[in-house]
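Step one of this worksheet: look at the structure below.
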Amino acid sequence: MMKKPVVLVVMDGVGETPDELGNMVRRATTPTLDYLKANDPFRIIKAHGTAVGLPSDDDMGNSEVGHNALGCGQIYSQGAKLVNESIESGSIFQSETWKDLVGSVISAGTTLHFIGLLSDGNVHSNISHLLAMLKEAKAEGVKKARVHILLDGRDVPATSALDYVDQLEETLAALNDSSFDGRIASGGGRMQITMDRYQANWGMVKAGWDVHVHGRSPYNVIDGEGAFFSSAREAIETYRNEQPGVIDQDLPAFVIGENGQPVGPMKDGDSVILFNFRGDRALELSMAFDGDASFDKFDRGAVPQVKYAGMLEYDGDLHIPHKYLVSPPQIRHTLTELLVENGINEYACSETQKYGHVTYFWNGNRSEKFSEELETWQEVPSDVRSFDECPWMKGTEITDLVIAAIESGKYGFIRCNFPNGDMVGHTGNLDATEIAVETVDLCLARILKVCDEHGCILIVTADHGNSDQMLEKNKKGVVSVRTAHSLNPVPFIIHDKDERHEMDTDSPFGLANVAPTVVELLGLRPYDCWEKSMLK
6 MMKKPVVLVV MDGVGETPDE LGNMVRRATT PTLDYLKAND PFRIIKAHGT
56 AVGLPSDDDM GNSEVGHNAL GCGQIYSQGA KLVNESIESG SIFQSETWKD
106 LVGSVISAGT TLHFIGLLSD GNVHSNISHL LAMLKEAKAE GVKKARVHIL
156 LDGRDVPATS ALDYVDQLEE TLAALNDSSF DGRIASGGGR MQITMDRYQA
206 NWGMVKAGWD VHVHGRSPYN VIDGEGAFFS SAREAIETYR NEQPGVIDQD
256 LPAFVIGENG QPVGPMKDGD SVILFNFRGD RALELSMAFD GDASFDKFDR
306 GAVPQVKYAG MLEYDGDLHI PHKYLVSPPQ IRHTLTELLV ENGINEYACS
356 ETQKYGHVTY FWNGNRSEKF SEELETWQEV PSDVRSFDEC PWMKGTEITD
406 LVIAAIESGK YGFIRCNFPN GDMVGHTGNL DATEIAVETV DLCLARILKV
456 CDEHGCILIV TADHGNSDQM LEKNKKGVVS VRTAHSLNPV PFIIHDKDER
506 HEMDTDSPFG LANVAPTVVE LLGLRPYDCW EKSMLK
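As structure tokens, this is what we get:
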């Protein structure tokens, strides 16, 4: 029998560090968090690097791998690590998909296109994967390659785009000769084109489609004709001069041209590889490429007949995309499976920006429920606007739904995600992020009160850091805005008004230890393959 209901609150992007520089968590007024840390069992846990299946502890955690670990109680090789292993072993180049796409352009004399986030942030992509594939493509006999770059400034320094452009251009220059022609063809900031998620803004995807696929330049459009740039560097520098202070993720789209024509539009017989390994911001572009005549999200124009593949299968249930280079981790024995086996009702809630994290990623990259009867999912539509304009986001609405779920008495386990600290933190607006953190604290106060009234155990944690480190100082002492996730640990708090649940405060724990702790609090037996509980 279950002991008491457990309510888990994930404060997205709220890390824990004593450092003051750019620490909006410490600068914010957070009486609820302060009270919980002072009066209840509290410790910090690891939310990045090897604790969430990434290659090294230099790799920042993210919401996807974080919620995978939170939801399954285990550590799986993830994203970058999976692809690294595949490239190091050469298995990626032996896959049927690679052979099909590359073999097709070699035999037809057509173009191999690469699209993806150009950085080494290791959250959505890594430039090293692109460079390895370009080198292999030439070695196998590909004659022409075009790269469509998405500029980061979110998982890496905010204005570092030219560092990665130069690295790519140097590699292409070394490869280019009479037998190979490789060039950058188009690009733009990741928050302007292509990389929408959760179908919140299909206009972003259309904007990317138009530049990547059709080579339609949106710059200085006159009489229906857009101006081309001679290089990615020229495009980036032009936009920076026109919009002082703009960061990479917000740079407009651009197309590289020569003699009045785009250098890399996609044509029949070409092959296309999306080299991002993270799924949420890769799904919609994949749907556009794989979609048949019934695709209705935007007007694709004349759709070239190309062979398309993603780096990974971004959705295993819906099989998006149809073709992929590296198989994703097969996550089994999740917390939801255990709760379903024990007949426990559970409730999951967030707004659109993190809804997939408390459902799809939580359930081990599974779109469908394990049980329609025992699982309730609730999405609050996010606003389509810059999050620093409305830093409270949908905190009130999420809190209302969580409180209603508690008061219903129906659920043994309730989880929610407040995206504020992460989504507002990514904008680089420090004042707005301070408000975002304070918003979450106010919501937490309401949930805490209702948990006490209804005899629930409240757990408070986060999936990774962000709002805790929004400024950084370089070796010369120059301070700049930081929009990436942090490498900081995250808080883990257990509040129960009826009992103090002592934790092991010495062992090195991470996000994968949360599910076993929840199960022990519920009075259930964990899976043997799980990490250990944090309770003494």
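Under this note's numbering, the residues of the sequence shown are numbered 6 to 541, in order.
Where a beta carbon is used, it is the ideal one built from N, C-alpha and C, also for glycine.
Separation of F423 from P431, as counted between CA atoms
Residue mapping note: residue 431 aligns to position 426 of the sequence shown, counting from 1. Residue mapping note: residue 423 aligns to position 418 of the sequence shown, counting from 1. The question names Pro, but residue 431 is His in the sequence shown. Looking at the two C-alpha atoms, the distance is approximately 14 Å.
Segment contact flag, the region 318-332 with the region 35-50, C-beta cutoff 8 Å, min 3 pairs
no
For K51, which of helix, strand or coil comes out of DSSP?
As a working mapping, residue 51 is identified with position 46 in the sequence shown. Correct three-state label for K51: strand.
Verify whether the separation of the beta carbon atoms of M29 and E394 is less than 8 Å.
Position 24 of the sequence shown, counting from 1, holds the residue named residue 29. Position 389 of the sequence shown, counting from 1, holds the residue named residue 394. No, they are not a contact pair.
Which same chain residues end up closer than 6 Å to C456 when comparing Cβ atoms and leaving out the 5 residues on each side of it in sequence?
Taking the first residue of the sequence shown as position 1, residue 456 is located at position 451. The answer, listed in chain order, is V12 and L463.
G250: beta carbon under 7 Å from a heavy atom of the ligand FAD?
Within the structure as shown, the ligand FAD is missing, as the structure has no ligands at all.
Minimum length 3: unbroken beta strand (DSSP E) runs contained in the region 78-126:
116-122
Which runs of the alpha helix (DSSP H) spanning at least 4 residues fall entirely within the region 225-299, listed in chain order?
237-247 and 288-295
Report back the beta-carbon spacing between L139 and G76 to the nearest angstrom; my notes put them in contact at under 8 Å.
Stepping through the sequence shown from its first residue, residue 139 is reached at position 134. Stepping through the sequence shown from its first residue, residue 76 is reached at position 71. In fact, because the Cβ distance is near 36 Å, the residues do not count as touching under 8 Å.
On the CB-based measure, 16 or more other CB atoms within 10 Å of its CB, does P36 come out buried or exposed?
Here the question's residue 36 lines up with position 31 in the sequence shown. It counts as exposed.
Find the nearest neighbour of V465 within the set I278, V14 and G18, judged by alpha-carbon distance.
As a first step, residue 465 must be located in the sequence shown, where it is residue number 460. Answer by Cα proximity: V14.
Run through DSSP, which three-state label would A43 get?
For the purposes of this step, residue 43 is taken as the residue at position 38 of the sequence shown. Three-state result, A43: helix.
Rounding to the nearest angstrom, what Cα-Cα distance links T176 and G417 in this structure?
For the purposes of this step, residue 176 is identified with residue 171 of the sequence shown, where counting begins at 1. For the purposes of this step, residue 417 is identified with residue 412 of the sequence shown, where counting begins at 1. Rounded to the nearest angstrom, the two C-alpha atoms are 55 Å apart.
Extract the residue ranges of the beta strand (DSSP E) inside the region 333-394, only unbroken runs of 3 or more that lie entirely within it.
351-356 and 380-385
For the region 337-345 against the region 304-318, do three or more pairs of beta-carbon atoms, one drawn from each stretch, fall closer than 8 Å, so that the two count as touching?
no
What residues in its chain sit with their C-beta under 7 Å from that of V486, if we drop five residues either side in the sequence?
On the sequence shown, residue 486 is found 481 positions in, with the first residue counted as 1. Here the set comprises A163, G433, M475 and L476.
Across which residues does DSSP place E477 in a beta bridge pair?
Position 472 of the sequence shown, counting from 1, holds the residue named residue 477. Note: E477 sits in a beta bridge opposite S485.
If G20 and N493 are in contact, beta carbons under 8 Å, what's the gap, nearest whole angstrom?
Indexing the sequence shown from 1 puts residue 20 at position 15. Indexing the sequence shown from 1 puts residue 493 at position 488. Yes, G20 and N493 are in contact; Cβ-Cβ is about 4 Å, under 8 Å.
Please return the same chain residues whose Cβ sits closer than 7 Å to the Cβ of S291, not counting the five positions on each side in sequence.
Against the sequence shown, residue 291 aligns to sequence position 286. For S291, where only same-chain residues beyond five positions count, the Cβ hits under 7 Å are L279, G315, Y319, I325 and P326.
How far does the beta strand (DSSP E) with V57 in it extend, from its first residue to its last?
Within the sequence shown, residue 57 is the residue found at index 52, counting from 1. Neither: V57 is in no beta strand (DSSP E) and is coded neither H nor E.
Given a cut-off of 8 Å on the beta-carbon distance, is the pair E380 and E351 in contact?
Taking the sequence shown and counting its residues from 1, one reaches residue 380 at position 375. Taking the sequence shown and counting its residues from 1, one reaches residue 351 at position 346. Yes, the Cβ-Cβ distance between E380 and E351 is below 8 Å.
Let me confirm a value: S184 is counted as buried when at least 16 other C-beta atoms fall within 10 Å, else exposed. Which label applies?
Numbered from 1 along the sequence shown, position 179 holds the residue referred to as residue 184. Classification for S184: exposed.
For R195, count neighbouring Cβ atoms within 10 angstroms of its own Cβ and tell me buried if that reaches 16, exposed if not.
Here the question's residue 195 lines up with position 190 in the sequence shown. R195 is buried by the Cβ-count criterion.
For the alpha helix (DSSP H) holding H134, just list the boundary residues, first then last.
The sequence position of residue 134 within the sequence shown is 129, counting from 1. From DSSP, the alpha helix (DSSP H) with H134 extends over I132 to E145.
Per DSSP, cross-strand counterpart(s) of F418:
The residue given as residue 418 occupies position 413 in the sequence shown. Bridge partners of F418: V11 and E351.
Bridge partners of Y329, per DSSP?
Residue mapping note: residue 329 aligns to position 324 of the sequence shown, counting from 1. The partner list for Y329 (beta bridge, DSSP) reads G315.
Considering only the beta carbon of each residue, do T404 and W382 sit closer than 8 Å?
On the sequence shown, position 399 is the one that residue 404 refers to. On the sequence shown, position 377 is the one that residue 382 refers to. Not in contact: T404 and W382 (Cβ atoms no closer than 8 Å).
Restricting to Cα atoms, I'd like to know which of P386, G274, S299 and D388 is closest to S112.
In the sequence shown, the residue the question calls residue 112 occupies position 107. The option with the nearest alpha carbon to S112 is G274.
So what does DSSP say about V152, is it helix, strand or coil?
The residue labelled residue 152 in the question sits at position 147 within the sequence shown. Three-state DSSP puts V152 in a strand.
Kindly confirm or deny that the region 155-162 and the region 195-209 touch, where touching means at least three C-beta pairs closer than 8 Å.
yes
Compute the distance between the beta-carbons of E536 and G78, then report whether it is under 8 Å.
Within the sequence shown, residue 536 is the residue found at index 531, counting from 1. Within the sequence shown, residue 78 is the residue found at index 73, counting from 1. Taking 8 Å as the Cβ cut-off, E536 and G78 qualify as a contacting pair.
Measuring alpha carbon to alpha carbon, tell me which of G482, A520 and T55 ends up nearest F497.
As a working note, residue 497 is residue 492 in the sequence shown. Comparing Cα-Cα distances from F497 to each of G482, A520 and T55, the minimum goes to A520.
Pick out whichever of A205, H153, G213 and D182 has its Cα sitting closest to the Cα of S236.
Reading the sequence shown from its first residue, position 231 is the one you call residue 236. Looking at the Cα atoms, H153 is the closest of the given residues.
Report buried or exposed for D436, applying the criterion of at least 16 other Cβ atoms within 10 angstroms of its Cβ.
As a first step, residue 436 is located in the sequence shown; it is residue number 431 there, counting from the start. Burial call: exposed.
Please report the Cβ distance between Q358 and Y203, rounded to the nearest whole angstrom; I am assuming they are in contact, meaning their Cβ atoms lie under 8 Å.
The residue given as residue 358 occupies position 353 in the sequence shown. The residue given as residue 203 occupies position 198 in the sequence shown. Rounded, the Cβ-Cβ distance is 7 Å, consistent with contact.
Would you mind giving the Cβ-Cβ distance between G114 and K148, rounded to the nearest angstrom? I have them listed as a contact below 8 Å.
On the sequence shown, position 109 is the one that residue 114 refers to. On the sequence shown, position 143 is the one that residue 148 refers to. That pair is a contact at about 6 Å.
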